[in-house]
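In this note's numbering, the protein residues as written are 372 to 926.
Ideal Cβ placement from N, Cα and C applies to all residues, glycine included.
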């Protein structure tokens with residue numbers, strides 16, 4: 372490579388411009404090497420950490436002593452005595468169930484629907500906004516892709532996969548049977564435990580109807596239980612009992628609607644592809660036939676082309692490479708005749724009275740050259756170029772200088788260029804009829820409604836259950852309700868009301884017995900009382916009764 376210069380600048384011209392240039396780094400590097408001694412010893416390393424830890428420990432020791440004294444002397448003894456809330460396995464299991472089934476889904480949904488704005492993160496921010504649907508290759512926002520209002524509640528905006536119809540149908544069935552019905556089964560079991568304990572709490576205060584007890588403790592949440600609760604709300608009751616039965620009615624309705632919620636918020640939709648109306652007259656072409664090009668020719672010499680061309684893309688790459696090499700290897704000249712290495716000029720031009728583009732390579736007497744080695748072939752190919760070459764590009768049998776070409780990024784289709792603004796609002800999402808398939812997913816908005824509703828239901832159920840655990844003597848003694856125990860209670864209540872034995876009740880007219888029991892019979896706390904000598908509240912009751920019966924048989 373030759374670096375000879377044929378043009379020499381005069382001393383006067385250099386003197387005029389030297390005051391505009393920053394001082395040479397060789398004159399100032401010594402000052403940069405001077406190190407100022409630190410005013411204090413640097414605080415780092417293991418010794419520094421131990422010293423800091425010791426200072427913090429000494430500072431907080433006086434404040435922590437009274438805190439430890441209060442905790443270990445007053446708080447912890449009460450914690451150890453509280454068997455119900457801190458030592459009961461039922462309590463730990465109930466809390467774990469609340470966290471896993473209520474709090475965790477709510478937290479995960481809020482995390483995945485978060486949105487960052489103004490330096491903050493907002494969970495659920497994208498849940499209840501208008502939904503913008505896309506179809507993969509669409510350029511910009513597709514037409515009619517924004518869904519708002521009640522329609523957005525059922526729009527599947529979070530989908531994935533590319534399944535045939537049989538597979539997506541199987542996924543939908545599996546979701547409905549195992550997930551939707553499984554969640555409902557777990558909710559039914561939880562409701563049965565909470566409802567029965569809450570009903571025992573009511574029975575301790577005042578009798579409840581035979582019909583309510585039969586439906587809640589035998590069937591749990593069901594349609595017949597809903598109908599019974601609706602009719603029972605009309606009767607005169609205390610405000611607390613009326614509010615509890617109203618809550619049981621709402622909770623039963625929710626449990627029965629869980630499969631409908633989970634099924635409605637999921638589904639499948641046909642896979643769509645993007646098309647673009649290129650001329651506004653329904654002349655649509657696939658969006659994937661458009662390719663982005665960084666150099667689309669839109670004009671020459673300040674004249675706009677009627678049809679932007681994409682044929683300049685390959686030639687522009689070569690010209691840009693040559694221009695970059697010239698800026699790296701060649702010298703340039705500013706209008707006053709001063710020569711600079713272009714690399715140096717880029718750093719110094721702001722200290723002069725000239726613009727950065729006023730240092731040109733084409734000046735008289737410039738015979739510099741540079742070499743470029745091409746390693747793409749098996750044998751390196753070396754080419755030599757002149758620094759004063761005028762970069763030109765041939766387009767349609769005409770040559771244009773690089774500086775006269777008006778190029779920018781755009782999209783190309785059949786060698787015709789388009790700006791992003793021209794086609795960004797002309798995309799359409801249409802079903803893929805060539806390769807039909809389906810995608811499966813969720814409606815974010817309806818999923819958010821269900822997750823929030825489910826958390827409220829879980830928290831309210833936990834509160835009602837805790838009230839029964841704390842204030843109901845029968846529940847504290849471990850008298851948990853099951854369907855078998857409920858059958859025993861109902862049988863005993865029927866015997867007392869009808870004054871009939873078990874065999875007589877079986878042979879009695881069932882319609883007449885049902886009419887009497889459902890209208891007049893009540894379940895009171897006397898049915899759960901412990902007779903003397905018998906312990907019905909725990910497992911020893913069965914042993915004691917067997918001993919009593921054996922003594923009677925011997926007599």
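Can you tell me whether residue i is buried or exposed, with buried defined as 16 or more other CB within 10 angstroms of its CB?
| i | result |
| --- | --- |
| residue 679 | buried |
| residue 631 | exposed |
| residue 844 | exposed |
| residue 568 | buried |
| residue 536 | exposed |
| residue 404 | Low confidence applies to residue 404: its pLDDT is 39, below 50, so where it sits in the model is not reliable enough to give any reading. |
| residue 398 | Unreliable placement is indicated for residue 398, whose pLDDT of 45 sits below 50; the coordinate value is still reported in the next sentence. Exposed, by the Cβ-count rule. |
| residue 702 | buried |
| residue 737 | buried |
| residue 455 | Here residue 455 scores only 48 on pLDDT, less than 50, and its place in the model should not be relied on; the value that follows carries that caveat. So residue 455 counts as exposed. |
| residue 510 | buried |
| residue 549 | exposed |
| residue 470 | exposed |
| residue 769 | exposed |
| residue 444 | exposed |
| residue 718 | exposed |
| residue 502 | buried |
| residue 555 | buried |
| residue 645 | buried |
| residue 594 | exposed |
| residue 331 | Missing from the structure shown is residue 331; the chain here goes from 372 to 926 and no further. |
| residue 625 | buried |
| residue 875 | exposed |
| residue 426 | exposed |
| residue 541 | exposed |
| residue 636 | buried |
| residue 877 | exposed |
| residue 638 | buried |
Can you give the beta carbon distance from residue i to residue j, rounded, assuming they're within the 8 Å contact cut?
| i | j | result |
| --- | --- | --- |
| residue 727 | residue 714 | About 12 Å separates the two Cβ atoms, so there is no contact after all. |
| residue 756 | residue 763 | Going by Cβ atoms, the distance from residue 756 to residue 763 rounds to 13 Å, so no, they are not a contact pair. |
| residue 946 | residue 604 | Outside the shown range of the chain (372 to 926) lies residue 946, about which nothing can therefore be said. |
| residue 830 | residue 481 | Not confirmed; about 16 Å, so no contact. |
| residue 888 | residue 863 | No, residue 888 and residue 863 are not in contact; Cβ-Cβ is about 12 Å, not under 8 Å. |
| residue 812 | residue 667 | The Cβ separation is near 37 Å, so there is no contact. |
| residue 562 | residue 622 | 6 Å |
| residue 599 | residue 893 | With 8 Å as the limit, residue 599 and residue 893 do not qualify as a contact, their Cβ atoms being about 14 Å apart. |
| residue 746 | residue 539 | At roughly 51 Å, the Cβ-Cβ gap does not stay under 8 Å, so residue 746 and residue 539 are not in contact. |
| residue 733 | residue 759 | 5 Å |
| residue 634 | residue 551 | 6 Å |
| residue 741 | residue 696 | 6 Å |
Which partner residues does residue i have in the DSSP bridge list?
| i | result |
| --- | --- |
| residue 893 | 580 |
| residue 777 | 670 |
| residue 645 | 800 |
| residue 664 | 781 |
| residue 771 | 764 |
| residue 640 | 810 |
| residue 491 | 488 |
| residue 445 | DSSP output for residue 445 lists no bridge partner at all. |
Flag residue i as yes if its beta-carbon sits less than 8 Å from any beta-carbon of chain C, otherwise no.
| i | result |
| --- | --- |
| residue 661 | The structure shown contains no chain C, having only a single protein chain. |
Let's see if you can read the secondary structure: which residues bound the beta strand (DSSP E) around residue i?
| i | result |
| --- | --- |
| residue 800 | 798-802 |
| residue 497 | Here residue 497 belongs to no beta strand (DSSP E), and DSSP marks it neither H nor E. |
| residue 707 | That residue, residue 707, is in no beta strand (DSSP E); it is neither H nor E in DSSP. |
| residue 809 | 809-813 |
| residue 534 | 529-534 |
| residue 487 | 486-488 |
So the alpha helix (DSSP H) residue i belongs to, where does it begin and stop?
| i | result |
| --- | --- |
| residue 635 | 610-635 |
| residue 551 | Run containing residue 551: none; DSSP gives neither H nor E here. |
| residue 704 | Taken as a continuous stretch (DSSP letters only), residue 704 belongs to no alpha helix (DSSP H), being part of the beta strand (DSSP E) at 702-704. |
| residue 847 | 844-847 |
| residue 743 | Run containing residue 743: none in the alpha helix (DSSP H); it sits in the beta strand (DSSP E), 740-745. |
| residue 755 | Looking at the DSSP string, residue 755 is not in any alpha helix (DSSP H); the run it does join, the beta strand (DSSP E), is 752-757. |
| residue 656 | It is not in any alpha helix (DSSP H) - residue 656 instead sits in the beta strand (DSSP E) that spans 655-657. |
| residue 867 | 854-869 |
| residue 787 | Note, residue 787: premise wrong, no alpha helix (DSSP H); beta strand (DSSP E) at 787-789. |
| residue 719 | 713-719 |
| residue 464 | 460-469 |
| residue 878 | 873-878 |
| residue 602 | 594-603 |
| residue 475 | 475-483 |
Any heavy atom of the ligand PLP inside 7 Å of the beta-carbon of residue i?
| i | result |
| --- | --- |
| residue 468 | Questions concerning the ligand PLP fall outside what the structure shown contains, since it holds no ligand whatsoever. |
The segment 582-589 / the segment 604-611 touching (three or more Cβ pairs under 8 Å)
no
So does the segment 787-806 actually touch the segment 520-529, counting three or more Cβ pairs closer than 8 Å?
With contact defined as three or more Cβ pairs closer than 8 Å, the segment 787-806 and the segment 520-529 are not in contact.
Contact between the segment 809-828 and the segment 648-658: three or more CB pairs below 8 Å?
no
Contact between the segment 857-873 and the segment 531-547 is defined here as three or more beta-carbon pairs at a separation below 8 Å; is this criterion met?
No: the two stretches stay apart, fewer than three of their Cβ pairs being nearer than 8 Å.
Three or more C-beta pairs under 8 Å: does that hold for the segment 772-792 against the segment 483-498?
no
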